[in-house]
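*Asks:*
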Ligand code: RB5
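In this note's numbering, the protein residues as written are 62 to 209.
1. Within 7 Å: the Cβ of residue 103 and any heavy atom of ligand 1?
2. So if DSSP puts residue 146 in a beta bridge, which residue, or which two residues, is it bridged to?
3. What does residue 124 pair with, by DSSP beta-bridge criteria?
4. For the putative contact between residue 82 and residue 181, defined by C-beta atoms under 8 Å, what is the C-beta separation to the nearest angstrom?
5. Using beta carbons (cut-off 8 Å, strictly below), is residue 174 in contact with chain D?
6. Helix, strand or coil, according to DSSP, for residue 101 in the structure here?
7. Which one or two residues does DSSP pair with residue 89 in a beta bridge?
8. Would the beta-carbon of residue 125 fall within 8 Å of that of residue 169?
9. Nearest by alpha-carbon distance to residue 103: which of 186, 147, 71 and 155 is it?
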């Protein structure tokens, strides 16, 4: 898959650790920044990854800020983006199975690197279950009667 990854300064160090893992797993990585610990604004970094996923230029995205909260709020403003803030293996797995997550958000000041790596592996490998969950995702952006 092609994976777009972005962070602010609070997520920069974790982004730098996750990036090589994506390559090792056989994915193509598009790092949109930031590129240092210098302070930057997370909404602007989120928009870069969101655009790539929304436009089909990346299959999935990963966004990391200090807590993951700002990134998830910013990314979820765009229809079709399902950015899920995850804190462990269960949320990483369920965000794929039930929510068809297309952007994984993590907190670089919350989640340690070892756990984050395992979360990324699970999130990338877990399929969407479809069925009733497809109807529920449809209901997020549509009128209820349009979703079956
Ligand atoms: C930056 O200090 C911090 O606010 C940001 O990384 C993030 O945690 C916002 O939600």
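Even glycine gets a Cβ: it sits at the ideal position worked out from N, Cα and C. Model, not experiment: these values are computed from the prediction.
*Replies:* With the given structure in hand:
1. Yes, the beta carbon of residue 103 sits closer than 7 Å to at least one heavy atom of ligand 1.
2. By DSSP's assignment, residue 146 forms a beta bridge with 166.
3. Residue 124 is bridged to 67 and 166.
4. Contact between residue 82 and residue 181 holds, with the beta-carbon distance rounding to 6 Å and staying under 8 Å.
5. The chain labelled as chain D is not found in the depicted structure, where only one protein chain is given.
6. If DSSP states are grouped into helix, strand and coil, residue 101 belongs with coil.
7. Partner(s): 63.
8. The criterion of a C-beta distance shorter than 8 Å is satisfied by residue 125 and residue 169.
9. If we check each option's Cα against that of residue 103, 71 comes out closest.
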